[in-house]
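Have a look at the structure below, then the notes.
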Amino acid sequence: MAELNIKELERRFQEKIDNDQKIEPNDWMPERYRKTLIRQISQHAHSEIVGMLPEGNWITRAPNLRRKAVLLAKVQDEAGHGLYLYSATETLGADREETIDDLHSGKAKYSSIFNYPTLTWADMGAVGWLVDGAAIMNQVPLCRCSYGPYARAMVRVCKEESFHQRQGFEIMMTLAKGTPEQKAMAQDALNRFWWPSLMMFGPPDEDSKHTAQSMAWKIKRSTNDELRQQMVDITVPQAEMLGLTIPDKDLKWNEETKQYDFGEIDWNEFWNVVKGNGPCNKERLDARRKAKENGEWVREAANAYAAKQKMKKAS
Ligand code: BYC
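Here is the structure:
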């Protein structure tokens, strides 16, 4: 009997999804749907928070006040995105403290891209243009995700990401039109960030263990390879406009498919970074752990204040 009920609940749940209705926090959902969402949304939240570090590295060294103000605003936006996303995991019953501890212990994943160093100012341009560009490509479809709170968070996040992408492109444009040294710096940043940006979309579809189920549940609305192809097709003309060269000798317009064919991605490098062995994995986690330790006194003071207010109210 219980089995039948679950089957019926699952049928109704899938029917709702097939009719493009949103699932809200108090609606019945299969446990695997809830867990998949907590996994994806918490990884996404961690990526936003860890993603502040490579750019935070350049706030004090931005070349002028305008650049500094813009970069500061961008990094603050990322903190905001992380907070909405942690709140979205809480609507699914996740405990925020435990979720963050999973990041700090190395148990939880975050985007591979943030384990690469930002060596020059041009990297702020390449990160905005390519990394935020990839983020938008991935997140615009997530605005139609079946889970209401995640889909709604994505709408605002995407608006902010599009400002981030444009600030990055503008930095690249300025450098590419600048002195030969500045143009070379922009080219070098593109060389280093191109392939890791394509890896952001995740493993090829045939190796993606979650895509099929997540597409059926409309958590994901496009596959990893579909989004990667869109990224290449949109970005190649932008690189041409900048007068920069994409570091891929196999990149070629395909008249038949009306898409760009592109070279092999080094998936060994990707998995190595995902497993914790990228150039900055250790540095990133150390920075996050240290931030938590340094904030301990603030949390203690806030809790003591809250407890005092509660006692006051009760008396
Ligand atoms: N890095 O079956 P798959 C940002 C993992 S933040 C690390 O295809 P799925 C921004 C994957 O988790 C960018 N790990 O998985 C912030 C899975 O492992 P588990 C982050 C990766 O979930 C600041 C395994 O590989 N965006 O935009 O169906 C400044 C198999 O993969 C990666 C989001 O998080 C990776 N790149 O698809 C600027 C968006 N790729 O969990 C920008 C939301 C895969 O089984 N997330 N893995 O241990 C998604 O759309 C999907 O989760 C993904 C992966 C497309 C990323």
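Per this note's numbering, the sequence shown starts with residue 226, numbered consecutively. Using N, Cα and C, we set each Cβ at its ideal position, and we do this for glycine too.
Between the alpha carbons of P429 and W522, how many angstroms are there, rounded? To locate residue 429, count along the sequence shown from 1; it is residue 204. To locate residue 522, count along the sequence shown from 1; it is residue 297. Near 45 Å, if we compare the C-alpha coordinates of W522 and P429.
Rounded to whole angstroms, how far is the Cβ of I396 from the Cβ of G353, which I believe are closer than 8 Å? Residue 396 sits at position 171 when you count from the first residue of the sequence shown. Residue 353 sits at position 128 when you count from the first residue of the sequence shown. About 6 Å separates the two Cβ atoms, so the contact holds.
With a cut-off of 7 Å, does the C-beta of M398 fall near any C-beta of chain B? Looking for chain B here will not work: only one protein chain is present.
Name the DSSP beta bridge partners of D486, please? On the sequence shown, position 261 is the one that residue 486 refers to. Looking at the DSSP assignment, D486 forms a beta bridge with K477.
Quick check on I248: does DSSP put it in helix, strand or coil? Start at 1 with the first residue of the sequence shown, and residue 248 comes out as number 23. The answer is strand: DSSP assigns I248 an E or B state.
Roughly how many angstroms lie between the CA atoms of M254 and Y311, to the nearest whole one? For this step, residue 254 is matched to residue 29 along the sequence shown. For this step, residue 311 is matched to residue 86 along the sequence shown. Going by the C-alpha atoms only, they are around 19 Å apart.
At 4 residues or longer, what runs of the alpha helix (DSSP H) sit wholly inside the stretch 337-367? 347-351 and 357-367
Using a Cβ-based criterion (distance less than 6 Å to any ligand heavy atom), does M397 qualify as near ligand 1? Reading the sequence shown from its first residue, position 172 is the one you call residue 397. Incorrect: M397 has no Cβ contact closer than 6 Å to ligand 1.
Tell me the DSSP secondary structure of Y309 in three-state form. Position 84 of the sequence shown, counted from the start, is the residue given in the question as residue 309. Residue state, collapsed to three classes: helix.
Count the other C-beta atoms from every protein chain shown that fall within 10 angstroms of the C-beta of K515, then say buried if there are 16 or more, exposed otherwise. Numbered from its first residue, the sequence shown carries residue 515 at position 290. Looking at its Cβ environment, which holds fewer than 16 other Cβ atoms inside 10 Å, K515 is exposed.
Within a Cβ cutoff of 8 Å, which residues of the same chain sit near R446, ignoring the five residues on either side of it in sequence? Here residue 446 refers to the residue found at position 221 of the sequence shown. Result list for R446: P366, L367, R369, C370 and M440, in chain order.
Where DSSP assigns a beta bridge to Y530, which residues make up the other side? Here residue 530 refers to the residue found at position 305 when the sequence shown is read from its first residue. DSSP output for Y530 lists no bridge partner at all.
Which same chain residues, not among the five before or five after I361, have their C-beta less than 7 Å away from its C-beta? The residue given as residue 361 occupies position 136 in the sequence shown. Excluding positions up to five away in sequence, the list reads C383, E386, S387 and Q390.
So if DSSP puts Y372 in a beta bridge, which residue, or which two residues, is it bridged to? The count along the sequence shown starts at 1 and reaches residue 372 at position 147. In the DSSP output, where bridge partners are listed per residue, Y372 has I248.
Euclidean distance between Cα positions of A414 and K232: In the sequence shown, counting from the first residue as 1, residue 414 sits at position 189. In the sequence shown, counting from the first residue as 1, residue 232 sits at position 7. C-alpha separation (whole angstroms): 52 Å.
Beta-carbon proximity list for I338, same chain, < 6 Å, skipping 5 on both sides: As a working note, residue 338 is residue 113 in the sequence shown. The residues are V356, P421 and M425.
Within the continuous alpha helix (DSSP H) that includes E280, where are the two ends? Here residue 280 refers to the residue found at position 55 of the sequence shown. Residues M277 to G281.
Please classify N244 as buried or exposed, where buried requires at least 16 other C-beta atoms within 10 Å of its C-beta. Position 19 of the sequence shown holds residue 244. N244 is exposed by the Cβ-count criterion.
Which full runs of the alpha helix (DSSP H) of 4+ residues lie inside the stretch 400-471, going along the chain? 405-424, 436-441 and 449-467
Does the Cβ of Q390 lie closer than 6 Å to at least one heavy atom of ligand 1? Within the sequence shown, the letter at position 165 stands for residue 390. No, the Cβ of Q390 stays beyond 6 Å of every heavy atom of ligand 1.
To the nearest angstrom, how far is it from the Cα of M456 to the Cα of E465? Stepping through the sequence shown from its first residue, residue 456 is reached at position 231. Stepping through the sequence shown from its first residue, residue 465 is reached at position 240. Spanning the two alpha carbons is a distance of roughly 14 Å.
For the pair the stretch 530-537 and the stretch 302-317, tell me if three or more CB-CB distances fall below 8 Å. no
Exposed or buried, what is L469 when buried is set at 16 or more other beta-carbons lying within 10 Å of its beta-carbon? Translated into positions along the sequence shown, residue 469 becomes position 244. The residue in question, L469, is buried, as its Cβ has 16 or more Cβ neighbours within 10 Å.
Run of the alpha helix (DSSP H) containing N519, from where it starts to where it stops: The residue labelled residue 519 in the question sits at position 294 within the sequence shown. Run containing N519: N506 to N519, per the alpha helix (DSSP H) assignment.
For ligand 1, is there a heavy atom less than 6 Å away from the beta-carbon of N363? On the sequence shown, position 138 is the one that residue 363 refers to. Result yes, Cβ under 6 Å from ligand 1.
Any chance the CB of N449 is under 6 Å from a heavy atom of ligand 1? The residue you call residue 449 lines up with position 224 of the sequence shown. It does: the Cβ of N449 is within 6 Å (strictly closer) of some heavy atom of ligand 1.
How about Y258 and A313: do their beta carbons lie closer than 7 Å? Walking along the sequence shown from the start, residue 258 turns up at place 33. Walking along the sequence shown from the start, residue 313 turns up at place 88. Cβ distance not < 7 Å, so Y258 and A313 don't count as in contact.
Just how far apart, CA to CA, sit Q291 and A411? Locating residue 291 in the sequence shown gives position 66, counting from the first residue. Locating residue 411 in the sequence shown gives position 186, counting from the first residue. In the sequence on display, residue 291 carries Arg and not Gln. Near 19 Å, if we compare the C-alpha coordinates of A411 and R291.
Under the three-state DSSP convention, the category G501 falls into: The residue given as residue 501 occupies position 276 in the sequence shown. Three-state DSSP puts G501 in a helix.
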